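These notes concern the structure reproduced below.
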Amino acid sequence: MGVAPVIKGLHFVQKRLADGTIRWHVYAWRGGGPPVMSADGARPDLTIEALESLTAAMRDRDAAQQPNPTTLQTLIDKWLASPEWSRLSDNTKKTWGSIVRTIEGKWGKVPLAVFNDQRMIEKVVDWRDARAATPRAADNGVTVLRALLKYGIQRGALRINVAEKIGKIYVNGQRAEIVWTKIDLLAFEEAAGEKDRCVYYAVLLCSVTGLRREDLARLTWASVGEFAIVKKAKKTSRGRRHFATVPRIPELDAVLAKLKDQPRASGVDTVLVNPKGRPWNLDTLTKEVSRIAKLAGIFHVEIDEAGQSGRRQKHLHDARGTFATYLMTTTDLTDAEIASIMGWSEAEVERIRRIYVDDTARQIALGKRIARGLLAD
Numbered sequence: 001m002g003v004a005p006v007i008k009g010l011h012f013v014q015k016r017l018a019d020g021t022i023r024w025h026v027y028a029w030r031g032g033g034p035p036v037m038s039a040d041g042a043r044p045d046l047t048i049e050a051l052e053s054l055t056a057a058m059r060d061r062d063a064a065q066q067p068n069p070t071t072l073q074t075l076i077d078k079w080l081a082s083p084e085w086s087r088l089s090d091n092t093k094k095t096w097g098s099i100v101r102t103i104e105g106k107w108g109k110v111p112l113a114v115f116n117d118q119r120m121i122e123k124v125v126d127w128r129d130a131r132a133a134t135p136r137a138a139d140n141g142v143t144v145l146r147a148l149l150k151y152g153i154q155r156g157a158l159r160i161n162v163a164e165k166i167g168k169i170y171v172n173g174q175r176a177e178i179v180w181t182k183i184d185l186l187a188f189e190e191a192a193g194e195k196d197r198c199v200y201y202a203v204l205l206c207s208v209t210g211l212r213r214e215d216l217a218r219l220t221w222a223s224v225g226e227f228a229i230v231k232k233a234k235k236t237s238r239g240r241r242h243f244a245t246v247p248r249i250p251e252l253d254a255v256l257a258k259l260k261d262q263p264r265a266s267g268v269d270t271v272l273v274n275p276k277g278r279p280w281n282l283d284t285l286t287k288e289v290s291r292i293a294k295l296a297g298i299f300h301v302e303i304d305e306a307g308q309s310g311r312r313q314k315h316l317h318d319a320r321g322t323f324a325t326y327l328m329t330t331t332d333l334t335d336a337e338i339a340s341i342m343g344w345s346e347a348e349v350e351r352i353r354r355i356y357v358d359d360t361a362r363q364i365a366l367g368k369r370i371a372r373g374l375l376a377d
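Heads up, the sequence shown is in full-length UniProt numbering, so the first residue is 1 and it goes up one at a time.
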């Protein structure tokens, strides 16, 4: 007696032969699975033999789909399902996710044991250098591989991290010294006009809070206190998520007063809103700021070691440095205290102070001395 088919995915195909006979072919699954039985006449029930063939076919399919437990792909799969990965911000997951797929294509099938061989360091460097046409992408690839292999060490799957000490090739990666000046903000406001006023407000708020893009776009009025903004930061440091605390300097109060009057959709509590009165999409905000900055001709000009000048367009996050200069010039906070607020090192704060505060003060003093000399004549 036959057994009624109750297997999910089982696929029956009916075919009429030249002599008029109806023949049924039963496949383990739709779309190319192996046939487990054939029968003429009415739609057949599965026989015991057919069930055994089905079980064997499904076992072979599952085995073929399982990654080799000794390859890098297995480690990648475990990492993507781990608490370490889930703790990353949504933006980091999005950026790193595409890089992980690149690593899969490059080394997914490579035995994991190969990554315990010091000779793999040269292979990783070669991979980085082969992508040097896009240096930041090349460096980011090494960064993600380094984090993956670190996870492998923590899980006991690896002994060494062959990407640990591989340096960067992007020579202009340090942007902490780039800030938006008052002239930049005025030019951006003019280029934005009334139509893109909400984009200008985003840059302006960044310049008086120093918040990272994601924290800036997700900031709600509930986080704005009497003396400071206190918000749980999206970005983690050493695996821990800290609070972003921003003192309410007079410049910030003035910007908040303007933002209070912004039209917003019902139920929206974010401080910043897009033209439709809704919270900003992060990528859209970045693109809009870049578009208007380019239109306004806002660039950072620098001189390299060879004496050649170059220009880099200023981005939204460069306005964080503007906030640092506010703290240096309007408060008595130390460099260590400013570094704590900004999430920077003291060396980065010192560099900002040297370029935009101390040098400016010296130039003003020099100008006054020259003016006094001219007046004396």
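C-beta atoms are modelled at their ideal positions from N, C-alpha and C, and glycine is treated no differently.
It should be emphasised that the depicted structure is a prediction, and the values quoted were computed from it without experimental measurement.
Around the beta-carbon of residue 207, 16 or more other beta-carbon atoms lie within 10 Å, marking it buried.
Using a Cβ distance threshold of 9 Å, residue 270 and residue 191 do not count as a contacting pair. Contact between the stretch 139 to 158 and the stretch 101 to 119 is present: 3 or more CB-CB pairs across the two stretches fall below 8 Å. For residue 128, the three-state secondary structure derived from DSSP is helix. Membership of residue 107 in the alpha helix (DSSP H) is indicated by the continuous run 90 to 107. For residue 73, the uninterrupted alpha helix (DSSP H) run begins and ends at 72 to 80, by DSSP.
Proximity to residue 170 across 132, 340, 327 peaks at 132, based on C-alpha coordinates. Where residue 22 is concerned, the enclosing beta strand (DSSP E) starts and stops at 22 to 27. Residues 142, 145, 162, 163, 166 of the same chain have their beta carbon placed closer than 8 Å to that of residue 124, with the five preceding and five following residues left out of the count. Between residue 348 and residue 339, the alpha-carbon positions lie close to 8 Å from each other. The C-alpha of residue 289 is placed about 6 Å away from the C-alpha of residue 199. Counted as a single uninterrupted DSSP element, the beta strand (DSSP E) harbouring residue 12 occupies residues 11 to 16. For residue 188, the three-state secondary structure derived from DSSP is helix.
Beyond the five residues adjoining it in sequence on each side, residue 70 comes within less than 6 Å, by CB distance, of 111, 112 in the same chain, given in chain order.
Counting only the Cα atoms, residue 139 lies some 11 Å from residue 99. Distance from the CA atom of residue 128 to the CA atom of residue 264, rounded to whole angstroms, is 46 Å. The secondary-structure analysis by DSSP pairs residue 40 across a beta bridge with 23.
DSSP, reduced to helix, strand and coil, places residue 133 outside both helices and strands of the structure shown, so it counts as coil. Close CB contacts of residue 311 within its chain, under the 6 Å cut and outside five residues either way in sequence, are with 299, 301 (chain order). Under the three-state reduction of DSSP output, residue 163 falls in the coil class, being neither helix nor strand. Here residue 326 has 208, 249, 251 as same chain residues with Cβ atoms under 7 Å from its own Cβ, once five neighbours each way along the sequence are excluded.
When secondary structure is reduced to three states using DSSP, residue 46 falls in the strand class. Sequence-distant partners of residue 353 (beyond 5 residues in either direction) whose C-beta falls short of 6 Å from its own C-beta, in its chain, are 328.
Residue 221 is classed as exposed because its beta carbon has fewer than 16 other beta carbons within 10 Å across all chains shown.
With respect to the 9 Å criterion, residue 293 and residue 179 are not classified as neighbours on the basis of their beta carbons.
If you ignore the 5 residues before and after residue 58, its C-beta comes within less than 7 Å of the C-beta of 28, all in its own chain and listed in chain order. Per DSSP, the unbroken alpha helix (DSSP H) holding residue 291 starts and ends at 282 to 296.
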